[in-house]
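Written out below as structure tokens is the structure these notes cover.
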Amino acid sequence: MRVVADVAETIATLRREVCALHAELTRYGLVVWTAGNVSARVPGHELLLIKPSGVAYDELTPENMVLCDLDGRVVEGDHAPSSDTEAQAYVYRKMPQVGGVVHTHSTYATAWAARGEPVPCVLTMGADEFGGEIPVGPFAIIGDDSIGRGIVETLVQSRSSAVLMKNHGVFAIGPTAKAAVKAAVMCEDVARTVHMARQLGTPEPIEQQSIDSLYDRYQNVYGQR
Ligand SMILES: [Zn+2]
């Protein structure tokens, strides 16, 4: 497959964007060493851009982001793509509204994943961003569709933009790669604060009606018009 000229510019812009978003993962302390990654769908095309496998964060460049098809096969790039490419490609195939996927092993969220416990919705920021608890997905081994399937099966039953894959870590989605990064940052923040609250006592639940109205306001009204 060859990349035609009209999409080349879109891909070049997206390469810069996806590369730059990786710096947010290190800025917020969500990743160590080469773990974690950001990917983006190339809008209107059966393609995605993702971090190269095993390359350090400070060695990432727009050029070494790897262009793959939605089966995870490399279309353009000198590096092997992230080992999570197959899982993320599965998400893009099954969830057409998703434009970006982020994966981290961020500490607090992954500690909830290790226990297999969803993060309860006891903070307004949890209601705003996730519309309820942050759910737990099944334990799955890397190497086939099972991680992707677990992510999709969990997220379609929830309003959440993040899932804690059991004994593993966070997969966050969004309409854009930037939105997915934000979901990953918020997931860690919510997981950390709820953990702290648990150490101090029993967090108070928020009524479903209030969760619904917080979620609706944040998703549809909040921010600059
Ligand atoms: Zn992982």
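When we follow the working numbering, the leftmost residue of the sequence shown carries the number 16, and every step to the right adds one.
We treat Cβ as the ideally placed atom computed from N, Cα and C, and that holds for glycine.
No experiment lies behind these values; they were computed from the predicted model shown.
According to DSSP, is residue i part of a helix, a strand, or is it coil?
i, result
"T76", "coil"
"C136", "coil"
"S54", "strand"
"D93", "coil"
"H118", "strand"
"G163", "helix"
"I226", "helix"
"M110", "coil"
"I26", "helix"
"F145", "helix"
"A177", "strand"
"L40", "helix"
"D231", "helix"
"A187", "strand"
"L85", "coil"
"V171", "coil"
Considering only their Cβ atoms, is the gap separating residue j from residue i smaller than 8 Å?
i, j, result
"A50", "A192", "no"
"S121", "V185", "yes"
"Q103", "I65", "yes"
"G146", "S175", "yes"
"A128", "M180", "yes"
"H37", "L75", "yes"
"G87", "T100", "yes"
"V171", "E148", "no"
"V14", "H94", "Residue coverage of the chain in this structure runs from 16 to 240, which leaves residue 14 outside it and unanswerable."
"E132", "M201", "no"
Pop quiz: residue i and residue j are said to be a contact at Cβ under 8 Å. What is the actual Cβ separation, rounded to whole angstroms?
i, j, result
"G115", "I188", "7 Å"
"V106", "G163", "6 Å"
"N79", "P67", "5 Å"
"A142", "I26", "The Cβ separation is near 37 Å, so there is no contact."
"G152", "V178", "5 Å"
Within 10 angstroms of the Cβ of residue i, are there 16 or more other Cβ atoms? Answer buried if so, exposed if not.
i, result
"T125", "buried"
"R30", "buried"
"T28", "exposed"
"D21", "exposed"
Would the C-beta of residue i count as close to ligand 3, meaning under 7 Å from any of its heavy atoms?
i, result
"A129", "No copy of ligand 3 appears in this structure; the ligands present are ligand 1."
**Asked** Using 8 Å as the Cβ pair cut-off and three pairs as the minimum, do the segment 138 to 147 and the segment 194 to 211 touch?
**Response** yes
**Asked** If you pair each beta-carbon of the segment 193 to 203 with each one of the segment 36 to 53, do three or more pairs fall below 8 Å?
**Response** yes
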